[in-house]
Amino acid sequence: KMTQQMRDLQLAQARKPPGPSSPNAAKRLYRNLSGKFRVNYTSFDEGGLAGRSEKEKLRKSYLIQSNAALFEAVELQDLDRVQELLKQYSPEELDLNTPNSEGLLPLDIAIMTNNAPIAKALLQAGAKESPHFVSLESRSLHLSTLVREAEQRVNELTAQVVNEAPNADCSEKEKQLKAWEWRYRLYKRMKAGFEHARVPDAPSNVRLSVASNSSVHVTFWEPLSVNSAVVTKYKVEWSCSPTFSPPLGEAVIDKLKNLHFTIQGLVSGTPYYVQVSAYNMKGWGPPQSSVPPFAIPSNWREYDGRAPRRRGQAEALDQLLSQVKTIHQHCVCHEPYKNQPQSRKHSVSKSLKHLFHPGSKFLKTLKRGLYLTAVFYKDDNILVTHEDQIPVVEIDDTYSCLLMQDFLWFTKVSCMWDEVLWLRQCVTVSQSSCSCILQTRFKMLLATSQMQGLLGIQDLGQVFFEPIKDKQGNILIVTLKEVKTNQTFESVRWVPICKLQTSRKSVSSPEEPTALDTLLITVQDKLAYHRRSSHALSPGLYLGYLKLCSAVDQIRVLVPERLPNILCHVKIRSNPNISREEWEWLQKKVSMDKPVPTEPEADTSQNHLFQELQVAIKELMTLLNIPLQEAKDFRLYSQEVLDFGGQVSFLLLLPPSDDVCTAPGQNNPYTPRSGFLTLPLQIFELGKKR
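In full-length UniProt numbering, the protein residues as written are 1 to 690.
Structure below.
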């Protein structure tokens, strides 16, 4: 018999006792295991071989018990216990896809008892159906055999209990009889669940979009009907024909955490039709065609054959820098540079242990001048000297030039910290003009080299977007760097930021704090800015808002505080690609001089983009506190789609041409709510490159 063959096959791997357990026994097992599962294995002797062997045996014993507990929890429909076991153990540790002595898997029991919550929890964990059920007939035969054998066993035990005199053996037989009666009812319920089940309905909300010029992306939801058995997998099919004859390919999706699939390797410009069908224990259900019914792999660049803007730029800049170095390689200043190691290999701990040696030149107080400070932090701790000072070096004590231009130049230097020595030496040769600007920038490079030498580390981190000024004439340029290693440093100590803030004795009044006091007061805000500025957007297409304001010496751009390296934005959709058809539709609407495109007539990808844009514009206007009726005067930037790494793309929404950049003294008609700040345009550009 098939059942007997399955039992023979699984005998060596049996995870359950030969006799069935009763519900009460299963509950007792749960209570016992709840404490035993949390054994502290580190209490065993790790040094001895015997200790490790005993530890491994004990762990295997508990894993076997956990597998048995999972079967019992599924059989008893105990969702909480199932979720607890799945969270506590990996699928491999639970032997999630190893059949028991009856040839069943936990997922088989869940779907045949029509317990959708448990079945979905098991599917999310990677559970599979038994491979032995190759057809409907084999599953039906197996269930019938289980029911018949359980019924036969119940009859045998009933006869024994009735005919035997009361004794210890009789009491044990009564327990077995109760267990087999319970299991008989379980198998009958599983058999009835299978017989009354039907194939699943078609998946719902099947959406098709163009992912690139060689791929399309399909997303879908579960079938709307809940009357059929649990769906355990889906099938995606594609073809160049609406009748799917002939089919070009198919893919089976059995990992159900995310119901989507990308069909790759397609031919650009060719229409592809897609349909999706669902599967349960009764077989495959009817397919559902996608909306729109087909998609044509393409990219917006194909509209006019435009090449990526940044193609080859990085290589060209590297080549240009190499040429500049070649020109200067024979200068007098280059010899000392060659004696320096090309790449300083100091470990952070080795280099920082000499921090603030008695002979160091870090400053304790500020006098009137321009200074550089480096803030290194780890979690909520900050690196300080023995005097509990943040590292500060002097740049210039007689500074009198235009600060903003020199500051913005210095932010560019932060992109090449390892080249500071070379830059300084080359500027030394070129400073014959002795201009104020050149002298100041040379001093900036000199102070940077001093900071790098004293810290023993080249990368000083990211420059904060504005220097700190005080009324005493001090200007403090701040760099921020997060240290993610868990090393301890000699001669240097990490101090909690809150402790440093409360223990420092200020030498200034609260009304007129010095630049150093201001740094300590606002250091948490600066660290938060630094953390947020390194965050990345999730893949998708976004609608960005470009708003500038100008001053005498700079142009600033509006950004959100929560993500200051990105323009103000909202997400349009998860697919970053804009197809040729979508871009062509946008171009036509822009050329008709209509700020808000009119709705396409057909149910196409263009119509979906139109609806997504409508939602995104409303959300963005609300975010920026701009009345929705004023959006009719806004424009979509139609020259290009801004691509960032292939996974993130932007469409830009622009205010009316006269309001894109607010001039000094001009009222800003579109004042956003709190939660925004304006960055110098050069700082924003550097943030994007990072």
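The beta carbon of each residue, even a glycine, is placed where N, CA and C say it ideally should be.
Once DSSP output is grouped into helix, strand and coil, what is the label at Ser533?
Position 533 of the sequence shown holds residue 533. In the three-state scheme derived from DSSP, where H, G and I count as helix and E and B as strand, Ser533 is classed as coil.
Given that a residue counts as buried once 16 or more other Cβ atoms are within 10 Å of its Cβ, and exposed if not, what is Trp221?
On the sequence shown, position 221 is the one that residue 221 refers to. Result: exposed.
Closer than 8 Å by C-beta to Leu29: which residues in its own chain qualify, once you throw out the five before and the five after it? Chain order, please.
Reading the sequence shown from its first residue, position 29 is the one you call residue 29. Low per-residue confidence applies at Leu29: pLDDT is 41, beneath 50, and the placement is therefore not dependable enough to give any value.
Would you mind sorting Leu321 into buried or exposed? The rule is 16 or more other CB atoms within 10 Å of its CB.
Here residue 321 refers to the residue found at position 321 when the sequence shown is read from its first residue. It counts as exposed.
Could you tell me the boundaries of the beta strand (DSSP E) in which Phe133 lies?
What you label residue 133 is simply residue 133 of the sequence shown in a count that begins at 1. From DSSP, Phe133 is part of no beta strand (DSSP E); its letter is neither H nor E.
Please report the distance separating the alpha-carbon of Leu157 from that of Lys233.
Translated into the one-based positions of the sequence shown, residue 157 becomes position 157. Translated into the one-based positions of the sequence shown, residue 233 becomes position 233. Distance between the alpha carbons of Leu157 and Lys233: 41 Å.
Excluding the five sequence neighbours on either side, which residues of its own chain have a C-beta within less than 7 Å of the C-beta of Ser351, listed in chain order?
Here residue 351 refers to the residue found at position 351 when the sequence shown is read from its first residue. Its pLDDT being 49, under 50, Ser351 is placed unreliably in this model, and the value from its coordinates should be taken loosely. Excluding residues within five positions, the ones whose Cβ falls inside 7 Å are Leu455, Gly456, Ile457.
State the beta-bridge partners of Ala251 as determined by DSSP.
Against the sequence shown, residue 251 aligns to sequence position 251. For Ala251, the pairing in a beta bridge is given by DSSP as Val236.
Under 8 Å between the Cβ atoms of Asn280 and Pro200?
Position 280 of the sequence shown, counted from the first residue, corresponds to residue 280. Position 200 of the sequence shown, counted from the first residue, corresponds to residue 200. Result yes, Cβ atoms of Asn280 and Pro200 sit closer than 8 Å.
Take Asn97 as the anchor and find which of Pro117, Ser130, Gln124 has the nearest alpha-carbon.
Position 97 of the sequence shown, counted from the start, is the residue given in the question as residue 97. Checking every option, the nearest Cα to that of Asn97 belongs to Ser130.
What would DSSP say about Tyr371, mapped onto helix, strand or coil?
Residue numbering aside, residue 371 sits at position 371 when the sequence shown is read from its first letter. In the structure shown, Tyr371 sits in a strand (DSSP, three-state: E or B).
Measure the C-alpha to C-alpha separation of His217 and Gln639 and round it to an integer number of angstroms.
Along the sequence shown, one-based indexing puts residue 217 at 217. Along the sequence shown, one-based indexing puts residue 639 at 639. Approximately 26 Å between the Cα atoms of the pair.
So, do the segment 515-535 and the segment 543-554 have three or more beta carbon pairs nearer to each other than 8 Å?
no
Gly675 by DSSP, collapsed to three states: which one?
Within the sequence shown, the letter at position 675 stands for residue 675. Correct three-state label for Gly675: coil.
If the criterion is Cβ atoms closer than 8 Å, does the pair Leu423 and Leu445 meet it?
Here residue 423 refers to the residue found at position 423 of the sequence shown. Here residue 445 refers to the residue found at position 445 of the sequence shown. Yes.
So, is Cys426 buried or exposed, given that buried needs 16 or more other C-beta atoms within 10 angstroms?
Within the sequence shown, numbered from 1, the residue matching residue 426 stands at position 426. Buried is the call here.
Considering only their Cβ atoms, is the gap separating Ala374 from Thr514 smaller than 8 Å?
Counting from 1 along the sequence shown, the entry for residue 514 is found at position 514. Counting from 1 along the sequence shown, the entry for residue 374 is found at position 374. Against a cut-off of 8 Å, the Cβ pair of Ala374 and Thr514 comes out as no contact.
Starting from the Cα of Lys632, find the closest Cα among Arg368, Tyr529, Pro656, Thr622 and give me that residue.
By 1-based counting over the sequence shown, the position of residue 632 is 632. The residue with the shortest Cα to Cα distance from Lys632 is Pro656.
Kindly indicate the opening and closing residues of the beta strand (DSSP E) around Phe650.
Numbered from 1 along the sequence shown, position 650 holds the residue referred to as residue 650. That run of the beta strand (DSSP E) goes 648-654.
Taking only three categories from DSSP, how would you classify Gly269?
Here the question's residue 269 lines up with position 269 in the sequence shown. Note: Gly269 maps to coil in three-state DSSP.
To which residues does DSSP link Glu685 through a beta bridge?
Mapped onto the sequence shown, residue 685 falls at position 685. Answer is none; Glu685 lacks a bridge partner.
Using three-state DSSP, classify Leu321 as helix, strand or coil.
Start at 1 with the first residue of the sequence shown, and residue 321 comes out as number 321. Helix.
Distance check for Glu561 and Gly675, CA to CA, integer angstroms please.
Position 675 of the sequence shown, counting from 1, holds the residue named residue 675. Position 561 of the sequence shown, counting from 1, holds the residue named residue 561. Here the C-alpha atom of Gly675 lies approximately 5 Å from the C-alpha atom of Glu561.
Please state whether DSSP places Arg81 in a helix, a strand or coil.
Within the sequence shown, the letter at position 81 stands for residue 81. Helix at Arg81.
Run the CB neighbour count on Ser579, radius 10 Å, all protein chains shown included, and call it buried at 16 or more, exposed below.
Position 579 of the sequence shown, counted from the first residue, corresponds to residue 579. By the neighbour-count rule (16 or more Cβ atoms within 10 Å), Ser579 is buried.
Label Cys498 either buried or exposed according to how many other C-beta atoms from any shown protein chain fall within 10 Å of its C-beta, with 16 as the threshold for buried.
To locate residue 498, count along the sequence shown from 1; it is residue 498. Burial call: exposed.
Among Tyr187, Phe465, Val210, Ile477, which has the Cα closest to the Cα of Arg148?
Looking up residue 148 in the sequence shown gives position 148. Of the candidates Tyr187, Phe465, Val210, Ile477, the one whose C-alpha sits nearest the C-alpha of Arg148 is Tyr187.
Return the chain-ordered list of same chain residues with a C-beta closer than 7 Å to the C-beta of residue 697, the five sequence neighbours on each side being excluded.
Outside the displayed span of the chain (1 to 690) sits residue 697, for which this structure offers no information.
Nearest to Ser90 by CA position, among Thr326, Met112, Gly283, Ala127, is which residue?
Against the sequence shown, residue 90 aligns to sequence position 90. When only C-alpha atoms are compared, the closest one is Ala127.
I'd like to check one pair, Pro292 with Ser277: are the Cβ atoms closer than 8 Å?
Taking the first residue of the sequence shown as position 1, residue 277 is located at position 277. Taking the first residue of the sequence shown as position 1, residue 292 is located at position 292. Going by C-beta atoms, Ser277 is not nearer than 8 Å to Pro292.
For Gly544, which of Asp525, Lys618, Asp459, Glu482 has the nearest alpha-carbon?
On the sequence shown, residue 544 is found 544 positions in, with the first residue counted as 1. Per the Cα distances, Lys618.
Which partner residues does Thr662 have in the DSSP bridge list?
Counting from 1 along the sequence shown, the entry for residue 662 is found at position 662. BP columns for Thr662 point to Cys549.
Can you tell me which of the three DSSP states Tyr542 falls into?
Position 542 of the sequence shown, counted from the first residue, corresponds to residue 542. Three-state result, Tyr542: strand.
If you run the structure through DSSP and keep just helix, strand and coil, what is His386?
Stepping through the sequence shown from its first residue, residue 386 is reached at position 386. DSSP places His386 in the coil class of the three-state scheme, outside both helix and strand.
Between the segment 383-398 and the segment 656-665, do three or more beta carbon pairs fall short of 8 Å?
Result no; under three Cβ-Cβ pairs closer than 8 Å.
Can you tell which of Pro576, Thr502, Phe634, Ile626 has its C-alpha closest to the C-alpha of Val590?
Translated into the one-based positions of the sequence shown, residue 590 becomes position 590. The candidate whose alpha carbon is nearest that of Val590 is Phe634.
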